[in-house]
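Going down the list, the sequences are from chains A and B.
Each residue of the first sequence is one higher than the last, beginning at 58 in the numbering used here.
Each residue of the second sequence is one higher than the last, beginning at 945 in the numbering used here.
Glycine included, each C-beta is placed from N, C-alpha and C at the ideal position.
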Amino acid sequence: MSDEAGFTLIEALVALTLGMSVTGIVLSTLHIASNGATRSVSVAAEAEAFARAGAILSGDALHGLKLLDARGEVIFSGQPTIVSFPTTSLFGGSAPVVLRYELRPGIDFTDLVRSEAALLSGGAAGPFGAGQTIWHGVGKWELRYLDDKTTWGRDWSGSGLPRAFGLVSLNAPQTLKLVVAFPLLIEAHCALGPGPQCSLPEEVFP
Amino acid sequence: MNREVGAVLLVVLIALALMAALAGLVIRVSESDIASLAAERAAFRREVLMSSALATLGARLPESDLAEDGTPVSLPVPGGVVRVRIEAATGLLNPNFSQTDTLIAALSALGASPEQAKRIGLSIASARGPASKMAFQNMSQVARLFARDEDLWPKIAPYVTLLGKAETIDLRSAPPALRGVAAPAQVDFSGGELLAGRGFYELWLHVEDPTVDAADPAGGLWTHVSALAGTDHRLHILSVAWPEARIGGN
């Protein structure tokens, strides 16, 4: 019997057990690595999404305009889920447009949608175009506005532009995740010097 | 048997060719993705540094580092360096207030034919209302008058300002292309004057950064800022235009 070629039952069982053990270890290692990679990718993707949305928002705020409507008030609307303000157009040859950022809530997520409209005479906005989702966040989010006294509020009711606005998760309302600041803007009417439609003090003009 | 081997070899070769094509496609798509990602990162980086530059100038204007005759200078800002060209609005063409003769002469000096210069100059003058009003509130309104002369507007645009009420072009701050039509200087001017005075300025900013340079090797993208340099030594911004190629200039 011992001269016959092949494996004994014991040898075959040991080999099978060893093979299954090695396969199990490899699979569990792969599973752990895969989970880790998924988590890393998820965190990186979240950071990338914030960076991307922040860059778009900051770019728009940098090109913002302080324009007055027919009543002589600065064109800016700030609500918990919608913010809109005029900027120079990326494609319109410096023609001002009105930008709108809207937080659209889902079941357990929130989308930030950016859309543009033509700026009509008198400061009204024309019909907004099809929006583009620039950010997708888990949970419920709202907008906050920073005033000159460095206080953050849910709505913007001040005159002029807020110093900045930002996004806040309702799960952690004390932590602003994305803050967008406007440059030191003056009204377009200041181009003619001091006057009733220019809030810059007269003594600042040469 | 040989025929069977040949058929197998053929199948293997076709499979290899398909795999090579697939691999090439994947590499091509990856390269395209990398290029678009790099361009996106460059745009983000440019916005960040531009914002930093404007915040720096808004907080405090340099006393003696910025020439206002259009000579580019490097301005260190937190996070990088921004190249800045400054042109005083008094040395540029103001479609709201420039005299009609000045308009026509300036358009001609900037490359318009005599017929174009007269036609467009008169159309600008006729579009204006009372002297206290801004008939043109943004550049796109001026550009519309060049609708028939699309090639001409890019040559003219860098020399147009909507800031201030100057009726003539001041020789002291006029760029070389407009010095021939500028009004005589009130004081001696030897060029290279620094931003000592205060007033309205058109600024052109270009970010100097390896990430941005890689996406814009020609270095042609400049951001246009219209601003007031106030007596409070701060830059007060009226508008910032998205980066565009700086055509013309000196």
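Proximal residues of chain B, C-beta to C-beta of residue i below 9 angstroms
i      : result
A/V261 : R1142, L1172, G1174, T1175, D1176, R1178, H1180
A/T207 : The premise fails here: A/T207 is roughly 16 angstroms from chain B at the closest Cβ pair, so nothing lies under 9 angstroms.
A/A152 : N1082, M1083, S1084, Q1085, A1087
One or two residues paired with residue i in a DSSP bridge
i       : result
A/G210  : A/Y202
A/A174  : A/V155
B/Y1145 : B/A1032, B/A1171
A/G135  : A/V140, A/W213
B/S1018 : B/R1027
A/H193  : A/D168
B/W1166 : B/E1188
A/P162  : A/T167
A/K234  : Bridge partners of A/K234: none, in fact.
A/F222  : A/Y202, A/V237
B/I1181 : A/L242, B/A1171
B/V1151 : B/V1026
B/D1176 : Bridge partners of B/D1176: none, in fact.
B/V952  : The partner list for B/V952 (beta bridge, DSSP) is empty, contrary to what the question assumes.
A/T145  : A/P153
Between the CA atoms of residue j and residue i - distance to the nearest angstrom
i       : j       : result
A/L262  : A/L176  : In the sequence on display, residue 262 of chain A carries Phe and not Leu. In a straight line, the C-alpha of A/F262 is about 29 angstroms away from that of A/L176.
B/A964  : B/A951  : 20 angstroms
A/P251  : A/A108  : 39 angstroms
A/F91   : A/V100  : Checking the sequence, you will find Ser at residue 91 of chain A rather than Phe. When rounded, the distance between both Cα atoms is 14 angstroms.
A/A79   : A/T86   : As written in the sequence, residue 79 of chain A is Val, which differs from the Ala given in the question. Approximately 10 angstroms, taken between the alpha carbons.
A/V155  : A/G186  : 11 angstroms
A/S115  : A/P137  : 19 angstroms
B/A1056 : A/P184  : 38 angstroms
A/A106  : B/E1111 : 50 angstroms
B/Q1130 : A/A238  : The pLDDT assigned to B/Q1130 is 49, lower than 50, so where the model puts this residue is not dependable, and the model offers no usable value.
B/R1142 : B/T1175 : 6 angstroms
A/D165  : B/R989  : 32 angstroms
B/A1069 : B/S996  : 39 angstroms
B/P1161 : B/P1154 : 10 angstroms
B/R972  : B/A1158 : 19 angstroms
A/V236  : A/A221  : 7 angstroms
A/L249  : B/T1105 : 12 angstroms
B/G1023 : A/L200  : 28 angstroms
A/L119  : A/H88   : 45 angstroms
B/E928  : A/V98   : Residue 928 of chain B lies beyond the residue range present for chain B, which begins at 945 and ends at 1194; the question has no answer from this structure.
Chain A residues whose Cβ lies nearer than 8 angstroms to that of residue i
i       : result
B/Q1081 : A245
B/K1109 : L249, G250
B/S899  : Examination of residue 899 of chain B is not possible in this model, given that chain B is present from 945 through 1194 alone.
Supposed close pair residue i, residue j - CB separation, criterion 8 angstroms
i       : j       : result
B/A1033 : B/L1107 : 4 angstroms
B/L993  : B/V1151 : 5 angstroms
A/D126  : A/G180  : 3 angstroms
B/N1082 : A/P153  : 6 angstroms
B/V1156 : B/A986  : 5 angstroms
B/I1030 : B/L1147 : 5 angstroms
Chain-ordered chain B contacts of residue i [CB-CB under 8 angstroms]
i      : result
A/A112 : A987, F988, E991, V992
A/L257 : L1172, G1174, H1180
Proximal residues to residue i (C-beta, below 8 angstroms), its chain only, five neighbours per side dropped
i       : result
B/G1073 : A1079
A/I113  : R171, I191
B/L1182 : L1107, S1170, A1171, L1172
A/K197  : P162, T167, S226, L227, N228
A/P219  : F133, G135, Y202, L203, D204, W213, F239
B/W1186 : T1167
A/E259  : P251
Neighbourhood of residue i by C-beta distance below 6 angstroms, restricted to the same chain and skipping five residues each side
i       : result
B/L1001 : L1179
B/L954  : none
A/C255  : E244, H246, C247
B/F1133 : Residue placement at B/F1133 is poorly supported in this model, since its pLDDT is 40, which falls under 50; the coordinates still yield a value, given next. Only R1116 meet the Cβ criterion.
A/R211  : P137
A/S134  : S141
A/L233  : G223, V225
A/G194  : T167
B/I1100 : L1054
B/E1188 : none
B/V1025 : S1018, E1152
A/I132  : L124, D126, P143, G180
A/G215  : D204
Distance cut-off 6 angstroms: residue i Cβ against heavy atoms of the ligand GDP
i       : result
B/V1104 : This structure lacks the ligand GDP, and indeed carries no ligand of any kind.
Residues near residue i in its chain [Cβ-Cβ closer than 7 angstroms; skip 5 each side]
i       : result
B/V1125 : T1046, A1049, A1050, A1053, I1113
B/S1067 : L1089
B/N1040 : R1072, M1078, A1079, F1080, L1106
B/L1096 : G1055, A1056, Q1060, F1090
Contacts of residue i in chain A (Cβ-Cβ under 7 angstroms)
i       : result
B/G1002 : P240, L241
B/W1186 : H120, T145, L147
B/S1067 : Simply none; closest approach about 18 angstroms.
9 angstroms Cβ cut-off: residues of chain A touching residue i
i       : result
B/A999  : A238, P240, L241
B/S995  : S115, G116, A118, L119, A238, P240
B/L1106 : A245, A248
Contacts that residue i makes with chain B (C-beta to C-beta distance below 7 angstroms)
i      : result
A/G223 : Going along chain B, no residue has its Cβ under 7 angstroms from A/G223, so there is no contact; the nearest lies around 15 angstroms.
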